[in-house]
DNA sequence: TTCTAATTAAGAATCATTACGATTTACATT
DNA sequence: AATGTAAATCGTAATGATTCTTAATTAGAA
């Protein structure tokens, strides 16, 4: 997702354009990889020494709920990245070194068939972990 | 996995048979579902009021490293259960209400093919979440 | 039984995350 | 441009899960 689209969504939902939100979104826009709240705070405290975790987490939650960011859990920490623009459902390879991702155009739910009769499926998770070509 | 097999593995690796380990393994053996460290501690403190988190976590880590337990993360907490005995690789449906699982005999890695050329794949995760028939 | 290394207890420390009251800011309205 | 108001942020404290530390206890070997 790009910045204008993200702001469009925020404005549509009545959220204000603040300098903190701008910088958070810029970081995600520039770095196409998974970041933690700490990653963001460390960088942002250079420009805004008073930046607090509360602001980071609150905005991350907002962005995720609006579909601007996506979230996953890696080794016990929440990680965030820009939502993909792809129109078709897909999954991700995630580099455990640099956090970059690669889309994988396969969804295992296509092969579930009748394996779960009368089970109520809410959601699913499929991720592949390893090292990307650049990190080997 | 059953208790004798678990103890066999522990003995092979030089671990001692303690009453705490016995009770932890019994809980997993009886309850075929995901439990948290807190779940275990709450029950065990009835028999051992002095039981500490440290003991729970240390043993859980041991069991996971020996392949006796498997672990996953659900809504920010680590959950543990007995390792499946199935000889073939598979994945799980996990009931978000009761923690019970159902094996799903499908692995998406079978369909990855050449989608990730020169990527070094370390592992993968595929889980389906929802409500089991009993919890609906 | 004794010895020794493994294990546990007890509680403090750490880490990520959330909550809260006070202050500041964006922005619609005048 | 000044004002009003809800939203957003700050500063800090609280929480909850997990890990660490040191001293005491215990399982199993000798």
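Chains as they are written, first to last, in the working numbering: chain G, 3 to 138; chain W, 3 to 138.
All residues carry an ideal CB built from backbone N, CA and C; glycine is no exception.
It should be emphasised that the depicted structure is a prediction, and the values quoted were computed from it without experimental measurement.
Requested in this report: Work out the CA separation of residue 109/G and residue 18/W for me, nearest whole Å.
Outcome: Residue 18/W and residue 109/G have their C-alpha atoms roughly 44 Å apart.
Report task. Use the C-beta contact count for residue 8/W: other C-beta atoms within 10 angstroms, 16 or more gives buried, fewer gives exposed. Result -> By the 10 Å Cβ count, residue 8/W comes out buried.
Report task. Using a Cβ-Cβ cut-off of less than 7 Å, give me the residues of the stretch 114-127 of chain G that come near chain W, in sequence order. Result -> For the stretch 114-127 of chain G, the set of positions with a beta-carbon nearer than 7 Å to some beta-carbon of chain W reads 114, 117, 118, 120, 121, 122, 123, 124, 125, 126, 127 in chain order.
Query - Any beta strand (DSSP E) of 3 or more consecutive residues that is wholly inside the stretch 34-112 of chain G - result: Taken in chain order, the complete beta strand (DSSP E) segments of 3 residues or longer contained in the stretch 34-112 of chain G are 71-76, 79-84, 93-97, 103-106.
Requested in this report: Just tell me which of 15/G, 65/G, 92/G, 36/G has its CA closest to the CA of residue 24/G.
Outcome: Looking at the Cα atoms, 65/G is the closest of the given residues.
Requested in this report: Give the DSSP bridge partners of residue 125/G, in chain order.
Outcome: Answer by DSSP bridge pairing, in chain order: 131/W.
**Report entry** Status (buried if at least 16 other CB within 10 Å, exposed otherwise) for residue 85/G
**Finding:** Label assigned to residue 85/G: buried.
Query raised in the report: Taking 9 Å as the CB-CB cut-off, is residue 78/G touching chain W?
Result: Cβ-Cβ to chain W under 9 Å: yes for residue 78/G.
Report task. Check residue 117/W in the structure and name its three-state DSSP category. Result -> Here DSSP, grouped into helix, strand and coil, assigns residue 117/W to coil.
Query - Interface residues of chain W facing residue 108/G [CB-CB closer than 8 Å] - result: In chain order: 110, 113, 114, 117.
Query raised in the report: Considering only residues of the same chain and omitting the five flanking positions on each side of residue 27/W, which have a CB-CB separation below 7 Å?
Result: Correct list, in chain order: 5, 8.
Query raised in the report: Taking Cβ-Cβ distances shorter than 8 Å, what residues in chain G pair up with residue 95/W?
Result: Think of a sphere of 8 Å around the beta carbon of residue 95/W: the chain G residues whose beta carbon falls inside it are 118, 121, 123, in chain order.
Query raised in the report: What residue ranges within the stretch 4-33 of chain G form continuous alpha helix (DSSP H) runs of no fewer than 4 residues, ordered along the chain?
Result: Listed in chain order, the complete alpha helix (DSSP H) runs (minimum 4 residues) inside the stretch 4-33 of chain G are 5-14, 21-32.
Requested in this report: Could you tell me the distance, in whole angstroms, from the CA atom of residue 82/G to the CA atom of residue 76/G?
Outcome: When only Cα atoms are considered, residue 82/G and residue 76/G end up about 10 Å apart.
Query - residue 132/W at chain G interface by Cβ criterion, 9 Å - result: Interface residue, yes.
Query raised in the report: Alpha carbon to alpha carbon, how far is residue 100/G from residue 14/W?
Result: The straight-line gap from Cα to Cα measures roughly 38 Å.
Report task. Report yes or no: do the stretch 102-120 of chain W and the stretch 114-130 of chain G share at least 3 C-beta pairs separated by less than 8 Å? Result -> Touching, yes.
Query raised in the report: With a cut-off of 9 Å, does the C-beta of residue 129/G fall near any C-beta of chain W?
Result: Closer than 9 Å: yes.
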